[in-house]
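This note's numbering runs 2 ahead of the 1-based position in the sequence shown.
Accompanying notes for the structure given below.
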Amino acid sequence: MTGTSNPAASLKVTTDAWEALFRAQVAVMRQITAMPEFGKLSMREYDVLFNLRTCPGGKSRLVDLNKQLLISQPSLSRMVTRLEDQGLVVREPDPNDHRAMQLSLTEKGRKLQQEIGREHVKHLHNLLGSALSEDEFHELRRLSTKLRDAVQ
């Protein structure tokens, strides 16, 4: 056996670990949704702005953006319309596919995302920063990435 292959975990170990991870996420998300920065936008709306900001070239088709979010395509479409009505996002024809539209942040959307983001990272650090050591956070990131890569 090489150093890169590991025996599969047992059913009990897999489900116990998943349950612990899920319960931790629920507890953290309850705290996050109550953070004051989400009085300006919902956490899901902020997630759309954040993901648009991190897209290559700052633009994304709706179908591609939807792959990064935990929301249905129809719900995302309605949310984008609301964000567009608020002047936070804009739709433009996709130069590579004239049937599709690309989404991007407006200057107002970019500023609001940055404003909320600055507060959000401070609050996240206050909430979680003392829960693990720096090495443990690196390991959590490594393991989380490994899990994500395994299911994609």
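Think of the CB as a built atom: it goes at the ideal place given N, C-alpha and C, for glycine as much as any other residue.
Predicted model, so just to flag it, every value in this text is computed and none were measured.
Cβ neighbours of K61 within its own chain (closer than 6 Å, five residues either side excluded): Q104, S106. With fewer than 16 other Cβ atoms from the protein chains shown falling within 10 Å of its own Cβ, H140 counts as exposed.
By the Cβ neighbour-count rule, N68 is buried, with 16 or more other Cβ atoms within 10 Å of its own. Looking at the backbone, the Cα of T83 and that of Q75 are separated by about 12 Å. Pairing A19 with A11 gives a Cβ-Cβ distance under 9 Å. Annotation: P95 is outside any alpha helix (DSSP H); the continuous beta strand (DSSP E) that includes it extends over 91-96. Fully contained in the region 85-153 are the following alpha helix (DSSP H) runs of length 4 or more, in chain order: 109-130, 136-153. With a cutoff of 9 Å on beta-carbon distance, N98 and L71 are scored as not near each other. Counting other Cβ atoms within 10 Å of its Cβ, H127 stays below 16 and is therefore classed as exposed.
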